[in-house]
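Heads up, the sequence shown is in full-length UniProt numbering, so the first residue is 1 and it goes up one at a time. First the structure, in the form of structure tokens, and then the observations on it.
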Amino acid sequence: MATRVLVADDSSTMRKIILRSLQAVGVPSAVEAADGEEAVKIFKPGEFDLVLTDWNMPGKNGLEVIQEIRKVDKDVTIMMVTTEAEKSRVMEAIQAGVSDYLVKPFTADTLREKLEKHGC
Numbered sequence: 001m002a003t004r005v006l007v008a009d010d011s012s013t014m015r016k017i018i019l020r021s022l023q024a025v026g027v028p029s030a031v032e033a034a035d036g037e038e039a040v041k042i043f044k045p046g047e048f049d050l051v052l053t054d055w056n057m058p059g060k061n062g063l064e065v066i067q068e069i070r071k072v073d074k075d076v077t078i079m080m081v082t083t084e085a086e087k088s089r090v091m092e093a094i095q096a097g098v099s100d101y102l103v104k105p106f107t108a109d110t111l112r113e114k115l116e117k118h119g120c
């Protein structure tokens, strides 16, 4: 699997957990962004197959990251990795163009299922 992944989370611990989970499902490496602004700067259309973004981050939050990326790339798979699972928040993210949700805490198996679902 040659999935190119961008991981945006302001928690370095959470980024490490996500990277380990990705490795466990066969994704050897990912590009890390320490916040939403950095994620938007790093993202280039065609360079990534998947974006995993936290919801609550300083600067640009996950919703803003989705909106910014969708302006330049309508097709990349974007998953919101968050503890925010209330229906209104989920609807907001769907309207912004999120592909799927990964609710913290999650297992490598859950991540694998979501990746397979989206062909990543």
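Yeah, the Cβ is synthetic: ideal placement off N, Cα and C, and Gly gets one too. Model, not experiment: these values are computed from the prediction.
Three-state secondary structure (DSSP) of residue i
i, result
"Glu64", "helix"
"Glu86", "coil"
"Lys44", "coil"
"Asp109", "helix"
"Lys74", "coil"
Candidates the options, of which the one nearest residue i by Cα
i, options, result
"Ala57", "Val76, Glu37, Glu68, Phe48", "Residue 57 is actually Met in this sequence, not Ala. Nearest C-alpha to Met57: Glu37."
"Phe43", "Lys74, Gln95, Glu113, Gly119", "Lys74"
"Ser11", "Asn61, Ala34, Ser29", "Ala34"
"Gln67", "Ser21, Lys87, Ala93, Arg89", "Ala93"
Per DSSP, the bridge partner or partners of residue i
i, result
"Glu32", "Val7"
"Val81", "Asp54, Leu102"
Integer-rounded CB distance, given that residue j should sit under 8 Å from residue i
i, j, result
"Val25", "Ala108", "6 Å"
"Pro45", "Val72", "5 Å"
"Asp9", "Cys120", "18 Å between Cβ atoms; not a contact."
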